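For the sequence shown, position 67 (counting from the first letter as 1) is numbered 67 according to UniProt numbering, and the numbering increases by one without interruption. C-beta: ideal position from N, C-alpha, C; glycine also. Since this is a predicted model, take the numbers as computed values, not measurements. Step one of this worksheet: look at the structure below.
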Amino acid sequence: MASNIVTQTSAFITLRPQPSTITPLSHHSAPTQPSSSIFDCSDNPSNGGLAFSRNHVDSDDDGPSSPSGGYRKGNVEQSLTFLRGQKRMRDESESDLKIWLGLKDDREARRGREYAALLQLRDELREAGLIGKKKTFEISEDLKVEIKSYSWMVASSPGLRSYRGAAPPGIVWAAMRALNIEGLPSDSAAADKKKVKSKVTNALTTIRHEIKEIITGSVGPQAKGPQFITSISKTIAQKGKIQITMKFLQRIALLLKFAKRAFFKDLPPGTQEDEFWKVVDTKLQKYEERYASKPAEYKKLLEGILKHDTRTYPRQDKEDDIKVCMRLAKGGVVINEG
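Right, here's the structure in full:
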């Protein structure tokens with residue numbers, strides 16, 4: 001509590017934290033708080049404690065007192081009743097008041113009663129649910145939309161090194177945090193952050209499934225979906241509301257190549273979806289290791305895979321070629337990335 005306790009005359013209560021150190025007081029000093037905070041108030045975003053003020057300085061000698069001028073340690077229960085009345089307070093508040101009584105033999109009775117009144121008010125506010133209760137974090141509808149959008153951006157990124165594990169959710173979180181997306185919890189709120197990352201992980205799992213279904217549905221003699229690269233890419237891009245670039249087309253062509261090998265060589269029929277992405281991640285890692293110091297060769301490799309795909313699955317009359325597809329996606333501007 002601040003020195004010279006002051007009564008608040010307005011309708012508002014100012015919230016601010018209190019020091020936790022217990023220090024014996026001089027005759028003219030204000031009482032030191034015996035516990036961590038007189039009011040542990042989590043509803044105030046800037047402070048978290050409760051403090052009161054009055055319009056005039058208390059007199060240290062008004063009000064009744066014991067024969068020694070205060071109340072003695074020897075009769076604690078009587079002193080407690082003298083300060084807070086007949087009704088018991090919460091155990092924590094009773095303990096705080098006992099600590100107050102034990103700080104010094106000689107104390108001002110009026111200040112002791114004021115302190116007891118503050119403790120009683122704290123109990124009432126807690127019982128009413130106005131302080132001491134942390135609001136439960138909930139993911140807003142707007143944040144859910146952002147999570148889905150950023151998850152699609154990451155899952156469809158041509159530079160993504162793995163589709164499984166903790167890396168993709170971490171990238172989504174870092175991207176949203178860097179752009180200050182509204183509704184995100186702070187990094188220090190571990191439980192709330194975990195809740196958001198769990199939502200991101202679920203979104204990425206769903207997106208992986210959709211991408212895999214489109215790609216594997218375009219592979220093999222019994223393919224149900226479109227086989228030309230731009231048709232496959234447009235179907236994926238429309239689901240994620242993302243733009244088509246040359247690097248995106250190259251990544252889809254690479255995934256198509258992995259899918260053909262995975263389903264016809266590496267994986268038996270009926271293989272679980274996670275096994276498919278495990279094969280994809282393994283092959284991506286091998287490519288990265290092989291071409292880590294040879295980016296030009298890796299670029300040429302991806303271009304060759306895309307060219308081979310377009311020759312293997314010729315464009316149909318109703319399908320866009322690569323330049324038209326990119327022009328439509330870019331609003332009339334063709335950007336050849338890479």
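Start and end residues, alpha helix (DSSP H) containing residue i
i      : result
Arg122 : 109-127
Leu254 : 246-261
Thr235 : 229-240
Ser140 : It is not in any alpha helix (DSSP H) - Ser140 carries neither H nor E in the DSSP assignment.
Gln316 : First-last for Gln316: undefined, no H or E at that position.
Ala175 : 167-178
Gln285 : 273-291
Ile211 : 190-216
Residue i, buried or exposed, once every other Cβ within 10 Å from all chains shown has been counted against 16
i           : result
Leu249      : buried
Arg88       : exposed
Val154      : buried
Gly102      : exposed
Arg84       : buried
Ser79       : buried
residue 345 : Outside the modelled stretch of the chain, which goes from 1 to 338, sits residue 345, for which no answer is possible.
Asp61       : Its pLDDT being 43, under 50, Asp61 is placed unreliably by the model, and the measurement read from it follows with that caveat. With fewer than 16 other Cβ atoms within 10 Å, it is exposed.
Ala296      : exposed
Asp320      : buried
Arg54       : Here the model assigns Arg54 a pLDDT of 34, short of 50, so the residue's position is not dependable, and the following value carries that caveat. Label assigned to Arg54: exposed.
Val57       : Any reading at Val57 needs caution, since the residue's pLDDT is 39, under 50, leaving its predicted position unreliable; the model's value is listed next. Counting Cβ neighbours within 10 Å, Val57 comes out exposed, since fewer than 16 surround it.
Leu97       : buried
Arg311      : exposed
Glu141      : exposed
Val196      : buried
Glu288      : exposed
Glu138      : exposed
Leu119      : buried
Ser188      : exposed
Ala190      : exposed
Gln245      : Contrary to the premise, residue 245 reads as Thr rather than Gln in this sequence. It is buried - the Cβ of Thr245 has at least 16 other Cβ atoms within 10 Å.
Val219      : buried
Cys325      : buried
Leu130      : exposed
Ser293      : exposed
Ala166      : exposed
residue 360 : Since the first residue shown for the chain is 1 and the last is 338, residue 360 is missing from the structure and cannot be characterised.
His81       : Inspection of the sequence shows that residue 81 is occupied by Thr rather than by His. Looking at its Cβ environment, which holds fewer than 16 other Cβ atoms inside 10 Å, Thr81 is exposed.
Arg290      : exposed
Gly136      : In the sequence as presented, Gly is not what sits at residue 136; that position holds Thr. The residue is exposed, with fewer than 16 neighbouring Cβ atoms inside 10 Å.
Phe77       : The sequence given here has Glu at residue 77, not Phe. Exposed, because fewer than 16 other Cβ atoms sit within 10 Å of the Cβ of Glu77.
Ala2        : For Ala2, the predicted model reports a pLDDT of 42, less than 50, meaning its position is unreliable and no value from the coordinates is stated.
Lys323      : exposed
Trp152      : buried
Glu273      : exposed
Ala259      : buried
Lys318      : exposed
Ala109      : buried
Ala223      : exposed
Leu50       : Confidence at Leu50 is low in this model, with a pLDDT of 35, below 50, so its placement is unreliable and the value that follows should be read with caution. Leu50 comes out buried.
Cβ pair count under 8 Å reaching 3, the region 301-315 against the region 248-257: By the Cβ rule, the region 301-315 counts as touching the region 248-257, because three or more pairs are nearer than 8 Å.
Could you say if the region 227-234 and the region 273-282 meet the contact criterion of at least three C-beta pairs nearer than 8 Å? No, the region 227-234 is not in contact with the region 273-282.
Inter-stretch contact at 8 Å, needing at least 3 Cβ pairs: the region 123-135 / the region 166-180: These segments do not touch.
Contact between the region 230-246 and the region 178-191 (3+ Cβ pairs under 8 Å): No: fewer than three Cβ pairs fall under 8 Å.
Quick test of the definition: if touching needs 3 or more C-beta pairs under 8 Å, does the region 155-172 touch the region 191-208? Yes, the region 155-172 is in contact with the region 191-208.
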